[in-house]
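Protein chains in written order, with the working numbering: chain A, 77 to 360; chain B, 150 to 894. For every residue, glycine included, the Cβ atom is placed at its ideal position computed from N, Cα and C. Please read all numbers here as calculations on a predicted model, not as lab measurements.
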Amino acid sequence: MQYQAPDSFDAAVTLLNAEQGMARVLAGGTDVLVQLRAGTVEPDLIVDIKRIPGVHDITAEDGGWRIGAAVSGVELNAHADLCADWPGVAEAHDLIGSTQVQGRATLTGNLCTASPAADSVPAMVAAGATARVQGSNGTRDVAVEAVGTGPFKVSLAQGEVITSIFLPARGANGGDAYLRFIPRTEMDIAVVGAAVSLTLDGDKVASARVSLGAVAPTVLLVEGAANAIIGTSLDDAAMDKLAATASAACNPISDKRGTVEFRTKIAGVLAKRAAKIAYDRAKG
Amino acid sequence: MAFDEAKKDFNLIGTRPARPDGIDKVTGRAQFGADKAAPGQLHAAILRSPHAHARIKSIDTSAAEKAKGVKGIVTRADFATGLKGEMWNKLENVMAGEKALYDGHAIAAVAATSALAAKDALKLIKVDFEVLDHVTNVDESMKDGAPVIREGAAGPSTPEGMHPNVVGFYSSGHGDVDAGFADADLVIEDTFTTEATHQGYIEPHACLAQMGKDGKGEVWCCTQGHFNVAKVCGHLLGTEASQIRVTASEIGGGFGGKTEVFIEPVALALAKKTNRPVKLVMSRSEVFRASGPTASASMDIKIGMKKDGTMTAGRGVFRLQGGAFPGAPGTFTAMCAFAPYALENVSQEAYDVMTNRPKQAAYRAPGSPMAAFAVESVVDELCNQLGLDPIEVRLKNASREGSKASFGINWPRIGLVECLEAAKAHPHYSTAIPENGGRGVSCGFWFNHGGETAVSLALAEDGTVSLSVGTPDIGGSRASMCMMAAEELGIKYDDIRTTIADTATLGYNEISHGSRVTYASGLATIEAARDTIKKLCKRAAAKWGIDEDAVYWEDGFAKPSGPNAGEFEPMSLAKIASKMGATGGPIVGHYEATPEGAGVSFAVHIVDAEVDKETGSTSVGRYTVIQDAGKAIHPSYVEGQFQGGAAQGIGWALNEEYIYGEDGRLQNAGFLDYRIPVASDLPMIDTVIVEVPNPGHPYGVRGVGETSICPPLAAIANAVSNAAGVRMKSLPMSPPRILKALDEA
Ligand SMILES: Cc1cc2nc3c(=O)[nH]c(=O)nc-3n(C[C@H](O)[C@H](O)[C@H](O)COP(=O)(O)OP(=O)(O)OC[C@H]3O[C@@H](n4cnc5c(N)ncnc54)[C@H](O)[C@@H]3O)c2cc1C
Chain A
77 MQYQAPDSFD AAVTLLNAEQ GMARVLAGGT DVLVQLRAGT VEPDLIVDIK RIPGVHDITA
137 EDGGWRIGAA VSGVELNAHA DLCADWPGVA EAHDLIGSTQ VQGRATLTGN LCTASPAADS
197 VPAMVAAGAT ARVQGSNGTR DVAVEAVGTG PFKVSLAQGE VITSIFLPAR GANGGDAYLR
257 FIPRTEMDIA VVGAAVSLTL DGDKVASARV SLGAVAPTVL LVEGAANAII GTSLDDAAMD
317 KLAATASAAC NPISDKRGTV EFRTKIAGVL AKRAAKIAYD RAKG
Chain B
150 MAFDEAKKDF NLIGTRPARP DGIDKVTGRA QFGADKAAPG QLHAAILRSP HAHARIKSID
210 TSAAEKAKGV KGIVTRADFA TGLKGEMWNK LENVMAGEKA LYDGHAIAAV AATSALAAKD
270 ALKLIKVDFE VLDHVTNVDE SMKDGAPVIR EGAAGPSTPE GMHPNVVGFY SSGHGDVDAG
330 FADADLVIED TFTTEATHQG YIEPHACLAQ MGKDGKGEVW CCTQGHFNVA KVCGHLLGTE
390 ASQIRVTASE IGGGFGGKTE VFIEPVALAL AKKTNRPVKL VMSRSEVFRA SGPTASASMD
450 IKIGMKKDGT MTAGRGVFRL QGGAFPGAPG TFTAMCAFAP YALENVSQEA YDVMTNRPKQ
510 AAYRAPGSPM AAFAVESVVD ELCNQLGLDP IEVRLKNASR EGSKASFGIN WPRIGLVECL
570 EAAKAHPHYS TAIPENGGRG VSCGFWFNHG GETAVSLALA EDGTVSLSVG TPDIGGSRAS
630 MCMMAAEELG IKYDDIRTTI ADTATLGYNE ISHGSRVTYA SGLATIEAAR DTIKKLCKRA
690 AAKWGIDEDA VYWEDGFAKP SGPNAGEFEP MSLAKIASKM GATGGPIVGH YEATPEGAGV
750 SFAVHIVDAE VDKETGSTSV GRYTVIQDAG KAIHPSYVEG QFQGGAAQGI GWALNEEYIY
810 GEDGRLQNAG FLDYRIPVAS DLPMIDTVIV EVPNPGHPYG VRGVGETSIC PPLAAIANAV
870 SNAAGVRMKS LPMSPPRILK ALDEA
């Protein structure tokens, strides 16, 4: 196994493209190193991106925020302005692991592991985040929901890396929230995750995005659930419809963490609770 | 040795000095199982069965033997032959014979120059398995047609005509239960289940072993009983126990799970084969798959009650699976079930059932927590339906001194009524139950144990004391031993150092189990101190030229017993010790016995819980433990045991379980999906120490380590059931189970 820590993404892409065997990009390593230890993957090449200039930066861009691919949970949550704009994304990322894990874990890594239960991904999807991808054919921006294609599968081509994540401008009267269900209070994997981002026009929801985690092979963006609350002030009927459409969108499995029935029901409950928090945040 | 009524004014007993092992533990100097290394040591790894049940047709180690760094491989052929009974079962569990009996069962082991090389070599061992049908559920395993784990394993108690997987039976009781039920105003009968849980000790099993071709061996390991390790290793390797000297490391938790022997014989066999020291450390997933979780249970309970709360009769049938070997603690389950109640009519029976799971091991009061869950749930339901106060009902029916226990004995002095009175008087019980919440109450009972014990206490010339005990310190016992010795000798706590001596240094000491250490090693320490005092008095008498009987010991000094004995300046322990070389040689006190007066212990827990009815999620609010400790030597460690039992009980009740797939493999062999509570899941656990002295100990000590896990499953289940408005009959009460029960209600 070879370890490389290039000082540019160009060099990283070159290394990845040249590798005949299995290659792994290393961001925080909180997934990669666990997999290595467990023997579930045995890569021939590891490309550590943490020494590339700029990967730890969070910069203002077009009213939103560009987050370097190696920004850790601690760094993200220490950024007061970003947290004020996107508290749901910040809280979702903060839910990952323990203090130790927070010192390393990145949004990019969470996205690229492509676990259906990844905590930050529904929040990013609801926020309308995009990932900037660099490969041998140049650079492209893709919607976060288009990165994961199935459990632990991504749409990135051989040699492609994510260089940063972009959270768009929050705009006025907006709020977001992410909630997950775990049987314990921390150190657990989401049995269900739900994120809602919305904007208000007076008391009424003007726009909304609803995303669900751990209830399908990929994180879902549920348009019907968003439509259920757009134009309402989250009255009981709207909330019931939100829950029903969220549950209806679920296509989960039964496993050691939860049953199909349980996940389906909880998706609706959490969507309602997250919508309420996002609404209250938008109200300010 | 009887309770010393005169001994009331203690100097040290009941105070809270810092534990002697504390600094080593917080600075990282303490050496645990995996911390030891020897020059030239090899690292071992174990190949484990991926199948729940399979015939091992052949094992081909030839490719692995040639792999880089590999120095030796052992299979069953490298262990003793001709073993019978218990030792055969132990060997069969340590290394599979003709069949792999559970997912994780050891098949072969490799010693190599690095841990990685050993692990890599495992992949080169070719095992030809013939996969067999398997069964992991206790009720399924008893049914006609269930796969047979092993023919002929049933013990003599097993009734005729049962499935060969049923290997033991117990029954007891008295009175006429049917007449009792006929007398009742309300009879409730129900079935309850609990899942297997793991003790969840943080330190995985680890050892370092050496063994020469001459059959002489040394083992360093984390264990609750190193004398037992020596004994078992002797049998399994075909040598004598005294040829294997075992030293117990510091221990990162055991809770009963480290009373068993898993890896030490394997490391010894590899050491013997390679003529090199061998280190073997289990991974967490190996700990889950192949050490000893507790039994799971299926239980039928029927209880009758009159409108005034009088219990008229109780019947329990308990089915416990203990993995692929006999030994599930059903007998204890049955005996503990109705122990808190003075019933005129009671009957209980228990079945010991084998399944394709790892051999169960003790887990704090083995068998008792599940019994309490089943019985106390029915008592709670009776109280609810009859509109009676749960503590009043328990007081009305409580076992007390002289009443006949459900399993036959007449109770000696016990403290259940005192615990119930303390619970009733505790502010927790009179506060309002939170909205959306429920309150649960439960009693719990455990026997406690004495066991073979040997202690030695040696004076140093400077007047300090070296105390050697043979029971690994699993809960702060070294502090308690220092306190008891200092109390007797009349010297400072800090002037005594307590060491867990190796197996070559003391006589046989039973395992640190059965909540026996502070009781039995404590009693032996007090006796060894008194033996030392006799010797000290003798030296003073010789010096003064008076009769030995004319000298007594007080507050650290030998004193002449009165004016007739003569006028002499009292002589301190340090003074006598400083001259001991010239006055007769080293002064060493000792005591060896099998004390049999371990006092039983009862507890009462009160719990408030809230249930989120939309998600089935439970949060435990206020929690109070009330337990009879007889006499708390070091109250902090007594409270620690109370809180620890409650904490583990919360895990068992709410989220912990062994989950097996259709393929018979363990699905959650790690702390991510085997959910022990994390710190933020737990409330502050309040404690009340009740002290009803045990007549069998000079200071009145009763064991406390196990009783604390008896009531929580039931108390939490009662709280959750009352909060949810639906009776929860299966543990764990995980959110999906609660939501399903709510949906079905
Ligand atoms: C104790 C513990 C607790 C955890 N708890 C949670 C939890 O609660 N919720 C949760 O969602 N996750 C949890 N995780 C998983 C993990 O921490 C997260 O998924 C984390 O966000 C991964 O980020 P990372 O930077 O460490 O990723 P890495 O391990 O570095 O990488 C993860 C994956 O992304 C790929 N990758 C990394 N960077 C790039 C890039 N720039 N371009 C392309 N591919 C890339 C890697 O090749 C790898 O496949 C936990 C892990 C541990 C060890």
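May I ask which residues mark the beginning and end of the alpha helix (DSSP H) holding residue i?
i, result
"VAL108 of chain A", "108-114"
"HIS375 of chain B", "375-386"
"LYS215 of chain B", "211-215"
"ALA203 of chain A", "196-203"
"TYR355 of chain A", "336-359"
"LYS780 of chain B", "That residue, LYS780 of chain B, is in no alpha helix (DSSP H); it is neither H nor E in DSSP."
"ASP288 of chain B", "287-291"
"ASP252 of chain A", "No alpha helix (DSSP H) contains ASP252 of chain A, which is instead part of the beta strand (DSSP E) from 250-257."
Residue i to residue j, Cα distance in whole Å?
i, j, result
"ASN186 of chain A", "ILE172 of chain A", "9 Å"
"LEU310 of chain A", "LYS508 of chain B", "55 Å"
"PRO442 of chain B", "PRO861 of chain B", "18 Å"
"PHE594 of chain B", "PHE820 of chain B", "29 Å"
"ALA205 of chain A", "GLY800 of chain B", "39 Å"
"VAL841 of chain B", "LEU606 of chain B", "29 Å"
"SER721 of chain B", "GLY715 of chain B", "17 Å"
"HIS369 of chain A", "LEU831 of chain B", "Past the boundaries of the shown model lies residue 369 of chain A; chain A is included only from 77 to 360, so the question cannot be answered."
"HIS846 of chain B", "GLY663 of chain B", "15 Å"
"ALA187 of chain B", "ALA416 of chain B", "13 Å"
"TYR772 of chain B", "ILE649 of chain B", "35 Å"
"CYS532 of chain B", "ARG468 of chain B", "26 Å"
"THR764 of chain B", "ILE755 of chain B", "24 Å"
"CYS859 of chain B", "ASN494 of chain B", "23 Å"
Quick one: does the C-beta of residue i sit closer than 7 Å to a heavy atom of ligand 1?
i, result
"LEU102 of chain A", "yes"
"ASP170 of chain A", "no"
"GLY812 of chain B", "Rather than Gly, the amino acid found at residue 812 of chain B in this sequence is Asp. No, the beta carbon of ASP812 of chain B sits no closer than 7 Å to any heavy atom of ligand 1."
"VAL177 of chain A", "yes"
"ILE125 of chain A", "yes"
"ASN238 of chain B", "no"
"VAL201 of chain A", "no"
"ASP195 of chain A", "yes"
"VAL272 of chain A", "no"
Does chain A have any CB closer than 8 Å to the CB of residue i?
i, result
"ARG543 of chain B", "no"
"GLN816 of chain B", "yes"
"ASP277 of chain B", "no"
"ARG824 of chain B", "yes"
"ASN804 of chain B", "yes"
"LEU821 of chain B", "yes"
"LEU196 of chain B", "no"
"PRO884 of chain B", "yes"
"GLU763 of chain B", "yes"
"SER829 of chain B", "yes"
Grab the span of the beta strand (DSSP E) containing residue i for me, first residue to last.
i, result
"ILE450 of chain B", "445-454"
"TYR701 of chain B", "700-703"
"CYS592 of chain B", "586-595"
"GLY317 of chain B", "315-323"
Is there a C-beta anywhere in chain B that falls below 8 Å from the one on residue i?
i, result
"LYS317 of chain A", "no"
"THR106 of chain A", "no"
"ARG127 of chain A", "no"
Got a sec: does ligand 3 put a non-hydrogen atom nearer than 7 Å to the Cβ of residue i?
i, result
"VAL108 of chain A", "Ligand 3 is absent from the structure shown, which contains only ligand 1."
| Whole alpha helix (DSSP H) runs in the region 232-266 of chain B with 4 or more residues, listed along the chain? | 234-243
Uninterrupted beta strand (DSSP E) stretches inside the region 799-860 of chain B (no shorter than 3 residues): 834-839
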